Amino acid sequence: MSEPIVQVRELTKEFPVAKGRHKPVMLRAVNRVSFDLHAGMTLGLVGESGSGKSTTGRILVGLTNASSGSVKLFGHEIAGANGTRAIQAVRHRLQFVFQDPHGSLNPRMRIADAIAEPLDVAGGMSRQDRTDRVHELLETVGLPRGYASRYPHEFSGGQRQRIGIARALALRPDFIVCDEPVSALDVSIQAQVVNLLLDLQQQMGLSYLFIAHDLAVVRTISTHVAVMYAGAIVEQAERRELYRAPAHPYTQALLAAVPRMTPGRRAEAAAAGEMPSLLSPPAGCIFHTRCPHAFAPCRVDVPAMREITPGHAVACHLYSAAASQAA
Amino acid sequence: MAGEMLLDVQNLTVQFRGDAGWTSAVENVSFQVGERECLGLVGESGSGKSVTALSILGLHARRTARIPSGVIAYRGQDILRLPTRALRKLRGGEIAMVFQDPMSTLNPVLTIADQITETLILHQSLSAAAARQQAQRLLDMVRIPDAARRLDEYPHRLSGGMRQRVVIAMAIACRPKLLIADEPTTALDVTIQAQILELLRDLQDELGMSVLLISHDLGVIAEFAHRVMVMYAGRTVETAPVRALFERPVHPYTIGLLAAAPRLELDTDRLPTIAGSIPDPASIVPGCRYSPRCDVALESCRNLPPAMGSAEPGHLARCPPRLAALGFAA
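In the order they appear, the protein sequences are chains A and B.
Counted from 1, the first sequence has number 459 at position 203 by this note's numbering; the numbering is strictly sequential.
Counted from 1, the second sequence has number 1448 at position 161 by this note's numbering; the numbering is strictly sequential.
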C-alpha cells in the first residue's frame, strides 16, 4: 500500500484544568491515539462526548497543538517543535468543516466573500478568476451562483453547511476534517449533505476524517472506523468488519444502545453508569468501570491495541494472550 | 390498543405574531392519547411538534401566540378554557413535562432537594421534612446512585444524564397521569440515552402514565411509541400504530423520511434523499404543504388542501392520491 497521507502515532493532548487555588491538574483529552489515513479513504472517528474525537481532529488541522506524539501530514511532521512551520507547508492541502453552520459563517460577510476568503488569503488571483471560482464552487455544492451576493441569514441550516463545504473546497484540498458536519441538520437534509460529501470525494479524490457520534451516519460515509472512548481508540477496523463483528465491549454496547427503526426491538443499556472523569481516570482499562465483561487484569493493566484479524485491532484484555492463559 | 382517551385534541391551530401578521405554526391538528398509551410525535424542524406540546400546557406567551380554534380536552375538560389557577394545578401535577435541555428546567442556584421539594410542597402540601424524604425516594426511583448525598448538590455538579434523571424525578413527583416528553434524550450520549429510555419505560409501567413523546429520532419513536403521528410544516400528514407506520407507510413524506434516515444495520453508499427543504411558514402553498418536494405530486395536490383519509383502522394519511393508488377509498 502507498504511504498514508495522515500518520498519527501515540498522539496525546493534555489540558491544564484549574481547580480552585490549587495547582492546575492535567486532563488527558487524547491518550496515545494512533491511526493511518490513506488517500481516498474516509476514517470515521466515532465516540460520545468527552471521547477526544474533536480534539484529535483539531490537532490534525493545526487548530490546537499536540502535547506529545507524532502527526505526519503528507510526510511533514506537524506535532514537534517545528510543527508551526511544517503546517504552513501543507496548510493549503487540508481543510475543516464545522458542526454549526450558523456559528461558522460571519453574518456580515456576503457568501461570495466567505467562500473566497481562503483564496484571498492565498492571494494571486484576479477579480474575474475569483468570481468565476466562487460560482464554480457554489455549483459544485449544488447551490445556484446567484446566491453569491447574499448573506448567511438568508440560508437554511443545510444550505449553510453546503456553503461551509464550498469554502473548504476553495483551495482544492486533499484532506478534510469534518467535525459533526450533519448532526445539526434534519434527517432529510442530512441525507443530502452526506451524499454531497460522498460525491465530492469521488470527483476530487478527497480523503476525510469524519468525526461523529451517530453510528448510522458513520457507517454510511466511512470506509474505516475508529471508536474512541475517554480519550483513547479502543477499536479500529474496516467499516463492514466493525459493524458486523464488533469486538470491544464498548463498541458492542454502543451499537446495542442505538435505537433502530424496528418497532418491537428495544435498545439495550449494555454499558452501566457513565464515563469516568478524565481528571481522575481509573487504573487499567478505562472502560472497566462500565464493562459487563471486566475481569482482574482489566483493573490493573492498560490493554494494548492488538490485531485480532488483519486490519481489525482492539484494545481489550479479552483478546490478549494473558487472558487466554488466565481463562 | 389503549382504552379510554386521556387527552383528546381536536382541530388545534396555533398562531404566532410575526412581521407579516399572524402565521399558523400548527394548523388543524387532532390526536388522542389513551390511558397508559405512548403517542410519538415525529417531524423535522418547523413541523410544529413542540408548539403542539406547549399548547397542551398553556405555555405560550399570550402577547405573541394565540389559539384561534381547537379543543384540548384532558379527561373531558377543555384545557384552553380553564382558569389560570386550575391550569396551574394541572401543570406539574397531573400533567408533567420533560424538556430536551435539563438546564432549562433546573435552577442553577438551587440544590437538587430544593428543586424537587418545591413541587411536592406546592402540589401536595407536604411538610419540608416529609418532602425531603420523598425527594430522596424519587431520586432512588430514577436510579441516581447515592441519592442521600446528591440531594444537597447543585445541578452543575451533575452530568447531563444525571441532570435529566433529576428532571424526570421532578416530573413524576406528583404521580402524573400524562407525561409530555419533548426530545428527552436528544442532548444525551447514546449509551446514556438507552438508560434514560429504559427508565422512562419502567416508570410508565410503574405509575400507569400516558406519554406524549416528541422526537425527531425515528429510532427512539419506533422503540418507545405505541402509535405515531407524523407532522410536516404544521400539519399532521400521517397517524398510525407504530408497526403499521414503519412497515407500511402511506404518505410520501413518511416514506421519504424513513428512507433518508441512515440505518445502522446496512452498508449503504448513498442515502435516498428528499429534494428541497422545509417550507418557510410565511410562504406556504395553498394545497398540500409537501407537494413542492413530493415526487408523485399531481397538479391538484398543489392547489387543494388534501383531506385525511383512512388506510387501515387507526391508520390515517393526508394523501388522497396515494390512498387511491393503494386501493383505499379516499
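Note that CB positions come from ideal geometry on N, CA and C, so glycine has one too.
Only a predicted model underlies this, so the values are computations on that prediction, with no experimental measurement involved.
Once DSSP output is grouped into helix, strand and coil, what is the label at Asp1439/B?
Residue state, collapsed to three classes: coil.
Drop a sphere of 10 angstroms on the beta-carbon of Met282/A, count the other beta-carbons inside from all chains shown, and report buried for 16 or more, exposed for fewer.
Here Met282/A is exposed, its C-beta having fewer than 16 other C-beta atoms within 10 Å.
Which of helix, strand or coil DSSP assigns to Pro553/A
In the displayed model, Pro553/A falls within a helix according to three-state DSSP.
When DSSP labels each residue in this structure, what does Val1301/B get in the three-state scheme?
DSSP places Val1301/B within a strand segment (E or B) once states are collapsed to three.
Which chain C residues are close to Ala1481/B, counting only those with a beta carbon under 7 Å from its beta carbon?
Within the model displayed, chain C is absent; protein chains A and B are what it includes.
In terms of residues, what are the limits of the beta strand (DSSP E) holding Thr1620/B?
Residue coverage of chain B in this structure runs from 1288 to 1617, which leaves residue 1620/B outside it and unanswerable.
Can you grab the Cα-Cα spacing for the pair Glu1322/B / Met1292/B, in whole Å?
A straight line joining the alpha-carbon of Glu1322/B with that of Met1292/B spans about 6 Å.
Please list the partners that Arg1550/B has in chain A, where partner means a Cβ-to-Cβ separation under 9 Å.
Under a criterion of Cβ atoms nearer than 9 Å, the residues of chain A adjacent to Arg1550/B are, in order, Ala472, Arg475, Thr476, Arg516 and Met517.
Neighbour flag for Asp1554/B against chain A, beta carbons, 8 Å
The beta-carbon of Asp1554/B is placed less than 8 Å from the nearest beta-carbon of chain A.
For Ile315/A, report the span of its alpha helix (DSSP H) as first-last.
In the DSSP annotation of this structure, the continuous segment of the alpha helix (DSSP H) that includes Ile315/A starts and ends at Lys309 to Leu316.
Fully enclosed by the region 1490 to 1542 of chain B, which beta strand (DSSP E) runs are 3 residues long or longer?
Taking 3 residues as the minimum length, the beta strand (DSSP E) runs contained wholly in the region 1490 to 1542 of chain B are 1497 to 1502, 1514 to 1519 and 1522 to 1528, in order along the chain.
Which residues in the same chain have their Cβ closer than 8 Å to the Cβ of Gly461/A, if we skip the five residues on either side of it in sequence?
Apart from sequence neighbours up to five positions away, the residues of its chain that approach Gly461/A with a beta-carbon distance below 8 Å are Ala295, Gly296 and Asp430, ordered along the chain.
Near Leu613/A, what residues of its chain come up, given a Cβ to Cβ distance below 8 Å and the 5 sequence neighbours on each side ignored?
Coverage of chain A is limited to positions 257 through 583, which leaves residue 613/A absent and any answer about it impossible.
Where His332/A falls: helix, strand or coil (DSSP)
Looking at His332/A - three-state DSSP - the assignment turns out to be strand.
Residue nearest to Thr1398/B in terms of C-alpha spacing, selected from Leu1409/B, Ala1422/B and His1503/B:
Put simply, of Leu1409/B, Ala1422/B and His1503/B the residue whose alpha carbon is nearest the alpha carbon of Thr1398/B is Ala1422/B.
Can you tell me which of the three DSSP states Ala571/A falls into?
In the structure shown, Ala571/A sits in coil (DSSP, three-state: anything other than H, G, I, E or B).
Coil, strand or helix - His1410/B by DSSP
If DSSP states are grouped into helix, strand and coil, His1410/B belongs with the helices.
Residues in the same chain with beta-carbon distance under 6 Å from Ser324/A, minus the five sequence neighbours each way, listed in chain order, please.
Excluding sequence neighbours, Ser324/A sits near Thr268.
Taking the alpha carbon of Ala322/A as the point to measure from, which residue in Gln351/A, Val286/A, Cys554/A and Leu427/A has its own alpha carbon closest?
Its Cα nearest to that of Ala322/A, the residue Val286/A stands out among Gln351/A, Val286/A, Cys554/A and Leu427/A.
What are the residues that DSSP puts in a beta bridge with His1602/B?
Assignment of beta-bridge partners to His1602/B by DSSP yields Glu1599/B.
Can you find a CB in chain A that lies within less than 8 Å of the CB of Ala1594/B?
Not an interface residue.
is_contact[Leu1484/B, chain A] using C-beta, thresh 8 Å
Output row for Leu1484/B: interface = yes.
Please specify which runs of the beta strand (DSSP E), each continuous and at least 3 residues long, are wholly inside the region 1365 to 1431 of chain B, giving them in chain order.
The region 1365 to 1431 of chain B contains these whole beta strand (DSSP E) runs: 1382 to 1385.
What are the residues of the region 527 to 542 of chain A that lie near chain B, defined by any Cβ-Cβ distance shorter than 7 Å?
Flagged, chain order: Ala527 and Glu530.
Below 8 Å CB to CB, which residues in the same chain sit around Lys1376/B once its five sequence neighbours on both sides are set aside?
Cβ neighbours of Lys1376/B beyond the five flanking positions: His1410.
Outcome for Asp435/A when other beta-carbon atoms lying within 10 angstroms are tallied against a minimum of 16:
With 16 or more Cβ atoms within 10 Å of its Cβ, Asp435/A is classed as buried.
Per the DSSP calculation, Ala493/A is bridged to which residue(s)?
Beta-bridge pairing links Ala493/A to Val481/A.
Based on Cα-Cα distance, which residue from Leu301/A, Leu393/A and Phe271/A lies nearest to Val481/A?
Ranking Leu301/A, Leu393/A and Phe271/A by Cα distance to Val481/A puts Leu301/A first.
Helix, strand or coil: how does DSSP classify Tyr585/A here?
Residue 585/A cannot be examined here, being either before or after the span of chain A that is shown, 257 to 583.
Thinking Ala1383/B and Leu1466/B are a contact (beta carbons under 8 Å), I'd like their distance in whole angstroms, please.
Yes, they are in contact, since the Cβ atoms of Ala1383/B and Leu1466/B sit about 5 Å apart, within 8 Å.
Using a Cβ cut-off of 8 Å (strictly closer), state whether His568/A contacts chain B.
His568/A does not count as touching chain B.
Please go through the same chain and pick out, in chain order, the residues whose beta-carbon is closer than 7 Å to the beta-carbon of Pro1355/B, but skip the five residues on each side of it.
Non-local beta-carbon contacts of Pro1355/B in its own chain, meaning distances under 7 Å to residues more than five positions away in sequence, involve Thr1300 and Gln1302 in chain order.
Quick check for students: name the residue ranges of the beta strand (DSSP E) that lie wholly in the region 325 to 385 of chain A, counting only runs of 3 or more.
If only complete runs of 3 or more residues are kept, the region 325 to 385 of chain A shows the beta strand (DSSP E) at 350 to 353, in order along the chain.
Which chain B residues are close to Gly414/A, counting only those with a beta carbon under 7 Å from its beta carbon?
In chain order, Ser1564 make up the part of chain B whose C-beta sits under 7 Å from the C-beta of Gly414/A.
Below 7 Å CB to CB, which residues in the same chain sit around Arg546/A once its five sequence neighbours on both sides are set aside?
Only Ala527, Ala528 and Gly529 meet the Cβ criterion.
Presumed contact (8 Å Cβ cut-off) between Arg1514/B and Leu1326/B, rounded CB distance
That pair is a contact at about 5 Å.
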